[in-house]
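My numbering applies: residue 1236 is where the sequence shown begins, and numbers increase by one.
Below is one structure; the comments refer to it alone.
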Amino acid sequence: MKVLPRTPSPNSLQDPLHSNASQAGSPEGEPIAFAPLPSNPSFLPSALKCARTIPSLDKIRLMPSKSTPRPTRNPSRSKSSGPSDPQADLQSDLQQIDALFHQAGLVRHRREKPAGVVRRARFQQAMPEELSPVPAHPRVAANGVEWLSVPGWDKKSWLMHGFSTRRGGVSRAYCPDDAPGELNLGFTSDDDRDNVLRNRQLLAEAVSGSASIPLVTVRQIHSNVLVIAGSGAGDRTCKGDGLMTDEPGLLLGIQTADCIPVLVADRKRKAVAAFHAGWRGTVQRIVETGIGRMRLQFGSQPEDLVAAIGPGIGPCCYAVGDEVLTAFESQFTYAPELFREVYDTDPVRTKYPMLFLTQRAPGHSPIGPSLHVNLMEANRRQLLAAGLKPGSIQVVGGCTSCQPQLFFSHRASKGRAGRMLSVIGIRGS
Ligand SMILES: [Zn+2]
């Protein structure tokens, strides 16, 4: 609707004042509503007078110095012939236009937030190197498999556990031809099934001393579905992202290649659990739900539980989109503490940022800070929320993406990666 014609006729001048308020709206998306007509008829002449001055809006913008002398805070400047302050000029124009609209009875309603534009909250800033977890140093088994154990857990003679790396094994799918074999433990499309089965035996042997111990895995679906493992379950592979048992003589295994593996053991009741926590599973509280299920299933008390967070993609490397932020914010009051804005450390960009400017709208350019989430901390918070003591939680292993020579990383290898296994079990008597 035409609100204020630039060349008004006497008739059109009255249109805004006699329009129905419900028809009001701005063609540019800034809604302009008409205030109710004033009850005092004496307003009308002044309003018309005001409307007649509206053509001068063009003059204000195009010929400010000739048509409208502006008030200035600096008298000396107004006397001089030098250039005026453009910011002050803009403010002055704006004030005059606002006054004209007000006189004409036009009220401007601003939206609190532009429609369709998601504004990202500001987070603490960091450089990638500040966020890197401590690099992992694996131990080497007699069969050549390199794996990580949790400090102190070896003393628990009833418990067997370990986080695999990519070193050791017989797979050749993800390494150069002249390199030694690797320990891919997932049935990926690139690798030979027999190699994966052999690798699984090698890891079981390294961790438990027996290559023939049954290994229970699930088809992982980034959920909070939990599976109770036992010898009565048969060979059927269940879907889920958490496994738990109190039955000795089994190894529970979770596959990862950037996602976070979490192992939990109940020291008193001798029960164990393994969880797969990618960002989706973390948002669905796989670990928190899993501890709750251990309490129901085994009578576990949180103070008796110990937990280890294994190697996964660290906050140094895990850049995510706004959908991840939105999902975390919808679930966790502490979500802002899990995110950092990370700046590119490219020195050319740092010194000459203007070279990299684009014409894209703010927030749509690849330049600038990226949003990184700390999944390890997110899962540590879930363990704490479930009642574990801070001293009972250990973070083992580094960032899979920072150490691609040691770990398989989905991101670092651009989607073509093997899988590692994090295993836990109760030794048979
Ligand atoms: Zn990293």
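Each residue gets a CB set at the ideal place from its N, CA and C atoms; glycine is no exception.
All values reported here derive from a predicted model rather than from experimental measurement.
{"Asked": "Touch test, the region 1604–1624 against the region 1538–1554, Cβ-Cβ under 8 angstroms, three pairs minimum", "Found": "yes"}
{"Asked": "Beta-carbon proximity list for Cys1410, same chain, < 7 angstroms, skipping 5 on both sides", "Found": "Glu1417"}
{"Asked": "Gln1566, DSSP secondary structure in three states", "Found": "helix"}
{"Asked": "Residues near ligand 1, criterion Cβ-heavy atom distance below 6 angstroms", "Found": "Ser1367, Gly1549, Cys1551, Cys1552, Cys1634, Ser1636 and Cys1637"}
{"Asked": "Beta-carbon proximity check, Val1522 vs Leu1618, cutoff 8 angstroms", "Found": "yes"}
{"Asked": "DSSP three-state assignment for Pro1496, whether helix, strand or coil", "Found": "strand"}
{"Asked": "Proximity to Lys1391 [Cα-Cα], best of Tyr1569, Ile1544 and Lys1505", "Found": "Lys1505"}
{"Asked": "Which of helix, strand or coil DSSP assigns to Gln1519", "Found": "coil"}
{"Asked": "Candidates Glu1612, Asp1481, Ser1565 and Ala1408: closest to Ser1424 by CA position", "Found": "Ala1408"}
{"Asked": "Contact between the region 1435–1448 and the region 1493–1500 (3+ Cβ pairs under 8 angstroms)", "Found": "no"}
{"Asked": "Through-space distance from Leu1450 to Met1362, alpha-carbon basis", "Found": "40 angstroms"}
{"Asked": "Ranges of the beta strand (DSSP E) found wholly within the region 1387–1425, counting only runs of at least 3", "Found": "1394–1399 and 1402–1406"}
{"Asked": "Supposed close pair Thr1635, Asp1476 - CB separation, criterion 8 angstroms", "Found": "With 8 angstroms as the limit, Thr1635 and Asp1476 do not qualify as a contact, their Cβ atoms being about 18 angstroms apart."}
{"Asked": "Inter-residue Cα distance where the pair is Gln1532 and Leu1487", "Found": "16 angstroms"}
{"Asked": "Through-space distance from Gly1534 to Lys1649, alpha-carbon basis", "Found": "43 angstroms"}
{"Asked": "Close Cβ partners of Pro1496 (< 6 angstroms) along its chain, the five nearest in sequence each way excluded", "Found": "Ile1489, Gly1545 and Ser1657"}
{"Asked": "First through last residue of the alpha helix (DSSP H) which encompasses Val1431", "Found": "Arg1428 to Ser1443"}
{"Asked": "Within 8 angstroms, strictly: CB atoms of Ala1371 and Ala1441", "Found": "no"}
{"Asked": "Three or more C-beta pairs below 8 angstroms linking the region 1455–1470 and the region 1392–1401", "Found": "no"}
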